[in-house]
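Single-structure report; data block below.
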Amino acid sequence: MSELKEFLDKLSACDCNLVVLTLISANRVYCRLFKDGQYIDRVFVNDPLIVTELYKLCGRGEEIDADGIAKLRQKFIAV
1 MSELKEFLDK LSACDCNLVV LTLISANRVY CRLFKDGQYI DRVFVNDPLI
51 VTELYKLCGR GEEIDADGIA KLRQKFIAV
């Protein structure tokens with residue numbers, strides 16, 4: 001399974017409205033997925049394209065809100 005597909009599947013499965021990023025290394029990010037403040041799941045991302053897009057959508061505190069998640073889905077579904 002491709003990393004992009006796994007990432008999109010996790011986003012869809014948990015219907016999250018917040019993603020919190022933690023940089024592990026220069027090219028590895030730990031993403032925690034939340035729904036209404038409750039931790040749901042997590043995923044590690046190594047793909048540079050995905051990492052770049054995640055950080056473009058980051059707001060305060062390395063968080064991506066529901067609007068950012070919607071933009072992310074739109075961008076990657078087109079890929």
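Here the sequence shown stands for residues 1 to 79, numbered as in UniProt numbering.
Glycine included, C-beta positions come from ideal geometry on N, C-alpha and C.
The structure presented is a predicted model; accordingly, all values stated were derived computationally and were not measured.
Residue range of the alpha helix (DSSP H) that includes residue i
{"i": "Cys14", "result": "3-14"}
{"i": "Leu54", "result": "48-56"}
Buried or exposed by the 16-neighbour rule on C-beta atoms within 10 Å, applied to residue i
{"i": "Leu23", "result": "exposed"}
{"i": "Phe7", "result": "buried"}
{"i": "Cys61", "result": "For clarity, residue 61 is Gly in the given sequence; the question names Cys instead. Exposed."}
{"i": "Leu18", "result": "buried"}
Opening and closing residue of the beta strand (DSSP E) in which residue i lies
{"i": "Leu33", "result": "28-35"}
{"i": "Glu63", "result": "63-65"}
{"i": "Arg42", "result": "38-45"}
Beta-carbon proximity check, residue i vs residue j, cutoff 9 Å
{"i": "Val20", "j": "Ile77", "result": "no"}
{"i": "Leu54", "j": "Val45", "result": "yes"}
{"i": "Arg73", "j": "Ser2", "result": "no"}
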